[in-house]
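If you read the sequences in order, they're chains P and R.
Residue 96 in this note's numbering is what sits at position 96 of the first sequence, and the numbering runs on without skipping anything.
Residue 91 in this note's numbering is what sits at position 91 of the second sequence, and the numbering runs on without skipping anything.
Just so it is clear, CB atoms sit at the ideal spot from N, CA and C, and this is done for glycine as well.
Here the structure is laid out as C-alpha cells; the discussion comes afterwards.
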Amino acid sequence: MSTLTVNPVKDRAERDTGFPPVPELGEGEGNPRCLWYWDVCTDTPTKKIVWRGKSSSENYAETLCARHYAVELSRFTEVHFVDCEGTVASHILDFGDM
Amino acid sequence: MTVKETMSIEDELEHHGRVAGGVHPGYKAHSRARMKLREQLRHTLRMYRAEGWEMPLPYNSELTVEKFVLGADAEAEAVFVEIRGKSEDSPERYVLYLEEGMEKVSCEGPEGPVEFVHPLNMKVWGYAATLPLWFDWLARRDAQNAHSWVCTEEHWESEDIETQLYRVERAIVSFDSTSNNTANFRTAQEFTDWLNEAAGPSTAQLKVLALTDAQAFSAGAEGSLYCTGLSHQAPGASGELPGELVVRPLEITLGDLTQKPRGVRSLGEGVGDWAGFSLVMDGAAVEQFHGDDMVPLYRVQEAFGTGEPRHPWWGITEEGVDSVLLVPARKAVVTLRYDRDGADVWFSAQSEDKHLNKAWAEEMWARRWGRELDHTRQLSQQEVQASVQKAEQQLIELHHQQQEERKNDDEASTGGQQ
Numbered sequence: 001m002s003t004l005t006v007n008p009v010k011d012r013a014e015r016d017t018g019f020p021p022v023p024e025l026g027e028g029e030g031n032p033r034c035l036w037y038w039d040v041c042t043d044t045p046t047k048k049i050v051w052r053g054k055s056s057s058e059n060y061a062e063t064l065c066a067r068h069y070a071v072e073l074s075r076f077t078e079v080h081f082v083d084c085e086g087t088v089a090s091h092i093l094d095f096g097d098m
Numbered sequence: 001m002t003v004k005e006t007m008s009i010e011d012e013l014e015h016h017g018r019v020a021g022g023v024h025p026g027y028k029a030h031s032r033a034r035m036k037l038r039e040q041l042r043h044t045l046r047m048y049r050a051e052g053w054e055m056p057l058p059y060n061s062e063l064t065v066e067k068f069v070l071g072a073d074a075e076a077e078a079v080f081v082e083i084r085g086k087s088e089d090s091p092e093r094y095v096l097y098l099e100e101g102m103e104k105v106s107c108e109g110p111e112g113p114v115e116f117v118h119p120l121n122m123k124v125w126g127y128a129a130t131l132p133l134w135f136d137w138l139a140r141r142d143a144q145n146a147h148s149w150v151c152t153e154e155h156w157e158s159e160d161i162e163t164q165l166y167r168v169e170r171a172i173v174s175f176d177s178t179s180n181n182t183a184n185f186r187t188a189q190e191f192t193d194w195l196n197e198a199a200g201p202s203t204a205q206l207k208v209l210a211l212t213d214a215q216a217f218s219a220g221a222e223g224s225l226y227c228t229g230l231s232h233q234a235p236g237a238s239g240e241l242p243g244e245l246v247v248r249p250l251e252i253t254l255g256d257l258t259q260k261p262r263g264v265r266s267l268g269e270g271v272g273d274w275a276g277f278s279l280v281m282d283g284a285a286v287e288q289f290h291g292d293d294m295v296p297l298y299r300v301q302e303a304f305g306t307g308e309p310r311h312p313w314w315g316i317t318e319e320g321v322d323s324v325l326l327v328p329a330r331k332a333v334v335t336l337r338y339d340r341d342g343a344d345v346w347f348s349a350q351s352e353d354k355h356l357n358k359a360w361a362e363e364m365w366a367r368r369w370g371r372e373l374d375h376t377r378q379l380s381q382q383e384v385q386a387s388v389q390k391a392e393q394q395l396i397e398l399h400h401q402q403q404e405e406r407k408n409d410d411e412a413s414t415g416g417q418q
C-alpha cells in the first residue's frame with residue numbers, strides 16, 4: 001500500500017503523489033539561477049526536484065525554472081528507466097513548487 | 001533537373017493526358033507505372049510514419065510524405081525532395097534513387113552522394129539505406145538547417161577578453177559530448193584523431209592502441225589480469241560495499257581476445273555493459289584519474305601496436321597514465337565528453353545494443369519535448385504550465401504503475417508460501 005502525502009503548508013493536498021514525507025531541504029545550494037545546464041538559463045527557479053542521495057545528508061534539491069523543471073522531469077520519466085532497475089520513489093523524494 | 005521541373009501525377013494528366021482528345025497508349029502505361037510507384041512510395045512512408053513506429057517527427061521539421069515528388073522523366077526510379085537549407089532563401093534539393101525498391105535507396109544532395117550514418121549507433125552504412133531511414137535523415141536535416149537560421153553552432157558570441165572574463169565571473173564554461181561506433185575506425189591513428197577532436201579544447205592526450213598479440217596480453221599478467229573499479233555489488237553480497245574501490249581479475253579469456261567480443265561485457269561480469277575512465281586536467285598534466293576495469297599498461301605493452309588491430313579490440317589510454325582500457329573493435333559505441341572548457345574529460349564505451357535502447361528513448365523524448373528544449377523559442381505562461389502538468393502527470397502515473405507492479409510481485413512471492 002502506498003504512503004499518502006499531504007502537505008498543508010504548500011497546499012498540495014490535491015496532488016496525491018504517494019511519496020513519503022521528506023524533511024525540509026535547502027533549495028539548490030542557494031543558486032539564484034535555474035540549474036538547467038544544457039544551455040544557459042538565467043531565469044529564477046520556482047520549482048524543485050529533490051533527488052535521493054546515498055544517505056539523507058546527500059539528498060539534493062535541484063531548483064529550476066518551470067520550463068526546465070518540466071523538461072527535466074519528463075526526461076527522467078521517459079529516458080532514465082531504459083537502463084535503470086530502480087523506481088521513481090527510489091530516486092525522487094519530492095517535487096513541485098519551491 | 002530541379003524540383004521545379006518536376007510535376008505531380010495530377011499536373012501531368014492535366015497537361016498531357018488530354019492532348020488532341022486522346023492519350024498515347026505508351027504514355028498511359030508509363031503513367032500507371034508512375035502512379036503505382038508513387039502510391040507504393042507514399043504507402044511505405046506512411047506505414048513507417050503512422051502505423052509502423054508511431055514515432056514523432058524531429059522537432060520543427062516540415063518534411064511531409066507529400067513533398068516527395070517523382071521526376072518528370074523518371075524512367076529511372078528517382079524521387080525528388082526539397083528541404084529547407086542553411087539560409088532561408090536557399091533550399092536544399094535531394095534525389096533518392098530507388099535501386100531495389102524501397103529497401104535499397106541511395107541519396108544525392110547538393111554536395112554529391114550522401115553517406116548514411118545511423119543516427120543512433122553512429123555506424124557508417126555506406127551509400128544505401130531504406131527509404132524510411134532517408135526520410136528520417138532528411139526530416140532531421142530540414143529541422144537542423146532551419147534551426148541554424150536563428151542559432152549558430154558557435155559556442156560563444158565572441159572570444160575577446162571582455163566576454164571571456166564575463167564567462168569566468170559567471171562560471172560559464174564549454175562542454176560537449178560526441179559519440180562514435182568503434183567499427184568505423186580502421187586504424188589506431190584514425191580512432192586517436194577522432195578522440196582528440198572530440199575532446200575539443202581539452203589538453204588531454206588520449207591514445208588508441210591496436211591489439212596485435214592476444215597471447216602477450218593474456219600472458220602479461222600470467223593469466224590473471226587485475227583491474228581496479230568501484231564495487232557494483234549489493235551490500236552484503238561479497239563483503240564489498242557499493243562504491244567501494246575494489247581490485248578484481250579482469251575476466252576476459254583468450255577466446256574473447258582473439259574472437260568476436262561479446263560487447264563490452266566480455267571484459268568481465270563486474271563490467272556489465274559499460275566501461276570507462278575519467279580525467280581531471282591541470283594544464284597539460286593529469287591531475288586526477290579514475291578508471292574502472294583497466295589494466296596496468298606496462299604489463300601488456302607488448303600486446304599492442306599502432307596500426308590495424310589483429311584481434312577485435314582497441315586499447316585506450318592517456319598520455320602519462322599507465323592504464324589501458326580494452327574496447328571492442330565492433331558493436332561498441334564510444335563517447336567522449338568534456339566539461340569545464342576541457343578540464344574534465346570522460347571516456348566511455350558501451351555495448352551497441354544497450355546504447356541503442358537508450359539513444360532511441362532519448363531521441364524520442366527530444367522530439368516530443370523539442371518545443372520546451374528549443375531555447376530560441378518563447379513559450380507563453382500557459383504553455384509552460386501545460387508542460388509542467390504533463391511532466392508531473394507522467395511521473396505520477398509511472399510511480400503508481402511501479403507501485404502496482406511491486407504490489408503484484410510481493411503478492412506473487414508471498415502467495416507461494418501461504
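Can you tell me which of Asp341(R), Leu373(R), Glu308(R), Ala210(R) puts its alpha carbon nearest to the alpha carbon of Pro201(R)? The residue given as residue 201(R) occupies position 201 in the second sequence. Of the listed residues, the one whose Cα sits closest to Pro201(R) is Asp341(R).
Contacts around Gly26(P), its chain only, beta-carbon distance under 8 Å, and the 5 residues preceding and following it disregarded: If you number the first sequence from 1, residue 26(P) lands on position 26. For Gly26(P), the predicted structure reports a pLDDT of 46, less than 50, and the residue's modelled location is therefore unreliable. A value from the coordinates is still provided. Cβ contact annotation for Gly26(P) (same chain, cutoff 8 Å, sequence separation greater than five): Ala61, in chain order.
Leu195(R): which of Thr317(R), Leu133(R), Gln401(R) sits nearest, CA to CA? The residue given as residue 195(R) occupies position 195 in the second sequence. Distances from the CA of Leu195(R) to each of Thr317(R), Leu133(R), Gln401(R) were compared; the closest alpha carbon is that of Thr317(R).
So what's Glu62(R) in DSSP terms, helix, strand or just coil? As a first step, residue 62(R) must be located in the second sequence, where it is residue number 62. The answer is coil: DSSP assigns Glu62(R) none of H, G, I, E or B.
Run of the beta strand (DSSP E) containing Glu251(R), from where it starts to where it stops: To locate residue 251(R), count along the second sequence from 1; it is residue 251. For Glu251(R), no beta strand (DSSP E) run applies, since DSSP gives it neither H nor E.
Mind checking who Asp94(P) pairs with in its DSSP beta bridge? One-based indexing of the first sequence puts residue 94(P) at position 94. Asp94(P) is bridged to Val50(P).
Using CA coordinates, which residue listed in Ser218(R), Lys407(R), Val79(R), Leu209(R) is at the minimum distance from Lys108(R)? Locating residue 108(R) in the second sequence gives position 108, counting from the first residue. Sequence check: residue 108(R) is Glu here, not Lys. Selected option, being the one with the closest Cα: Val79(R).
Give the interface partners of Glu162(R) over in chain P, defined as CB-CB distance under 7 Å, in chain order. For the purposes of this step, residue 162(R) is taken as the residue at position 162 of the second sequence. Here the premise fails: no neighbours, minimum Cβ distance about 17 Å.
Counting pairs of beta carbons, one from the stretch 360-370 of chain R and one from the stretch 46-58 of chain P, are three or more of them closer than 8 Å? Taking one beta carbon from each stretch, the stretch 360-370 of chain R and the stretch 46-58 of chain P have fewer than 3 pairs nearer than 8 Å; the two do not touch.
CB contact flag (Phe438(R), Thr212(R), <8 Å): No information on residue 438(R) is available, as it lies outside the stretch 1 to 418 that chain R covers here.
If you draw a straight line from the alpha carbon of Gln402(R) to that of Phe116(R), how long is it in whole angstroms? Stepping through the second sequence from its first residue, residue 402(R) is reached at position 402. Stepping through the second sequence from its first residue, residue 116(R) is reached at position 116. Taking the CA atoms as reference points, Gln402(R) sits about 39 Å from Phe116(R).
Rounded to a whole number of angstroms, what is the C-alpha to C-alpha distance between Arg67(P) and Val40(P)? One-based indexing of the first sequence puts residue 67(P) at position 67. One-based indexing of the first sequence puts residue 40(P) at position 40. So the two alpha carbons sit approximately 13 Å from each other.
Let me confirm a value: Ala285(R) is counted as buried when at least 16 other C-beta atoms fall within 10 Å, else exposed. Which label applies? Indexing the second sequence from 1 puts residue 285(R) at position 285. The residue in question, Ala285(R), is exposed, as its Cβ has fewer than 16 Cβ neighbours within 10 Å.
Classify Asp409(R) as buried or exposed, calling it buried when 16 or more other Cβ atoms lie within 10 Å of its own Cβ. Taking the second sequence and counting its residues from 1, the one referred to as residue 409(R) is at position 409. Classification for Asp409(R): exposed.
Going along chain P in order, which residues have a C-beta closer than 7 Å to the C-beta of Ile172(R)? Within the second sequence, the letter at position 172 stands for residue 172(R). Residues of chain P whose Cβ lies closer than 7 Å to the Cβ of Ile172(R) are, in chain order, Val40.
In three-state terms, what does DSSP make of His311(R)? Locating residue 311(R) in the second sequence gives position 311, where the first residue counts as 1. If DSSP states are grouped into helix, strand and coil, His311(R) belongs with coil.
Terminal residues of the alpha helix (DSSP H) in which Gly370(R) lies: Translated into positions along the second sequence, residue 370(R) becomes position 370. Per DSSP, Gly370(R) belongs to the alpha helix (DSSP H) from 370-373.
Pull up the distance between the alpha-carbon of Gln393(R) and that of Leu120(R), whole angstroms please. Within the second sequence, residue 393(R) is the residue found at index 393, counting from 1. Within the second sequence, residue 120(R) is the residue found at index 120, counting from 1. Roughly 28 Å between the two C-alpha positions.
Report the neighbours of Leu93(P) on chain R: residues whose CB is nearer than 9 Å to its CB, in chain order. The residue you call residue 93(P) lines up with position 93 of the first sequence. Ordered by position in chain R, no residue passes the 9 Å Cβ test against Leu93(P), which lies about 12 Å from the chain.
Suppose you measure from the CA of Asp83(P) to the CA of Lys354(R); what does that come to, to the nearest Å? Position 83 of the first sequence, counted from the first residue, corresponds to residue 83(P). Position 354 of the second sequence, counted from the first residue, corresponds to residue 354(R). So the two alpha carbons sit approximately 8 Å from each other.
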